[in-house]
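S.K.: One structure, pasted below without further comment.
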Amino acid sequence: MVNHALQHVLLSPHFDDVVFSCGALVAQWARSGQRVAIVTVCAGLPPAGPLSAYASKLHRRWNPQMEGRPAQIVALRRAEDLRAADLLGAMAITSLFQTVSTA
């Protein structure tokens, strides 16, 4: 009988958090045959409405062509997240929780 249970489930608050903080460990576990899942918690669309001045500045710097297109930005980030997990040998699970502004 084959055991398909996960040995490790890592919670990534945002895209790339687990990949950049413990990607080497994830890859080591996967190479040794352990099953690993990375759950990205806040991976939904941002709330409707304009971004803060700071967020707008970051978006312009990161990718000016995507400014003002949150659905496309999130889709791109999800694709990057899935690819990074795949390269590490992990399963990626992306939740759809929105990032909620408390302002």
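Heads up: the sequence shown is residues 15 to 117, going by my numbering. Even for Gly, the Cβ is constructed at its ideal location relative to N, Cα and C.
Is the separation between the beta-carbon of V88 and that of A51 shorter than 7 Å?
M.R.: Residue 88 sits at position 74 when you count from the first residue of the sequence shown. Residue 51 sits at position 37 when you count from the first residue of the sequence shown. Going by C-beta atoms, V88 is not nearer than 7 Å to A51.
S.K.: Taking the CB atoms as reference points, tell me whether S109 and V40 lie closer together than 7 Å.
M.R.: What you label residue 109 is simply residue 95 of the sequence shown in a count that begins at 1. What you label residue 40 is simply residue 26 of the sequence shown in a count that begins at 1. Contact flag unset, no.
S.K.: Going by DSSP, which residues form a beta bridge with M105?
M.R.: The residue you call residue 105 lines up with position 91 of the sequence shown. Under DSSP, M105 takes part in a beta bridge, and its partners are A51.
S.K.: How would you write the range of the beta strand (DSSP E) that H22 sits in, first residue to last?
M.R.: Start at 1 with the first residue of the sequence shown, and residue 22 comes out as number 8. Unbroken beta strand (DSSP E) run through H22: H22 to S26.
S.K.: What number of angstroms, rounded off, separates the C-alpha of S66 from the C-alpha of W43?
M.R.: Here residue 66 corresponds to residue number 52 of the sequence shown, with the count starting at 1. Here residue 43 corresponds to residue number 29 of the sequence shown, with the count starting at 1. Distance between the alpha carbons of S66 and W43 is about 39 Å.
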